[in-house]
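Residue numbers (the working numbering), protein chains in the order written: chain H, 1 to 110; chain X, 1 to 113.
C-beta: ideal position from N, C-alpha, C; glycine also.
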């Protein structure tokens with residue numbers, strides 16, 4: 001199966017700063033999702049983005065499928081953005097099996 | 001907006017006991033999944049389920065685990081004889097089709113004593 005690597009593992013920001021989180025995957029994917037895990041442990045869907053670019057408010061994501069990476073951009077960060085960000089990919093013919101990265105733990109300071 | 005629900009939110013059990021975790025997927029979705037997350041670690045795939053059959057399962061999903069869709073709305077994960085290492089957050093997810101976006105429930109935190 002595919003392997004998913006995220007960077008950086010940890011990130012500390014001052015409120016208002018911008019950041020970029022990266023996700024590399026070892027093989028082609030036909031599903032790529034970004035999640036935010038909040039302090040209560042819930043996984044919140046951010047983007048379903050197997051290719052292309054999407055934006056939702058202060059967040060945007062880009063997946064370059066041919067180069068096997070995805071980026072999550074957070075602009076004007078807020079303390080409520082704190083938590084762990086996961087990307088997850090599904091390889092071809094994997095029966096829906098999403099493989100998660102290790103996550104990026106983001107802490108936004110006031 | 002439709003969402004995946006899970007019950008209970010937290011379950012405490014004794015080692016060796018059977019537990020059943022319950023999920024109600026989004027109503028028009030056809031694919032269902034279970035994942036788990038041991039504290040401080042990444043989320044791991046357990047099993048996918050479609051048309052009343054297991055589509056894919058991981059090496060974690062051994063004979064102690066089983067899944068069932070007992071009626072038109074519920075999707076359950078049974079752990080036959082729990083071990084200490086089964087303590088984790090268990091997430092249910094559903095999707096309208098294969099390779100579609102998966103939507104996750106809030107999770108059940110299982111603690112095995």
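Considering residue 61 of chain H, what are the terminal residues of the beta strand (DSSP E) in which it resides?
-> 59-64
Starting from residue 60 of chain X, follow its DSSP beta bridges and name the residues at the other end.
-> None, per the DSSP bridge assignment.
Span separating the alpha-carbon of residue 47 of chain H from that of residue 47 of chain X | 22 Å
Taking the CB atoms as reference points, tell me whether residue 56 of chain X and residue 94 of chain H lie closer together than 9 Å.
-> yes
8 Å Cβ cut-off: residues of chain X touching residue 54 of chain H | By Cβ distance, chain X contributes nothing, its closest Cβ being about 12 Å from residue 54 of chain H, past 8 Å.
8 Å contact criterion, which residue 110 of chain X and residue 15 of chain X should meet: CB distance rounded = Residue 110 of chain X to residue 15 of chain X, Cβ: 12 Å. No contact.
Listed by chain order, chain X residues near residue 31 of chain H by CB distance under 7 Å = 99
Check whether the Cβ atoms of residue 102 of chain H and residue 37 of chain H sit closer than 9 Å, and answer yes or no.
-> no
Taking only beta carbons into account, state which residues of the region 15-40 of chain X come closer than 7 Å to chain H, listed in chain order.
-> 31 and 33
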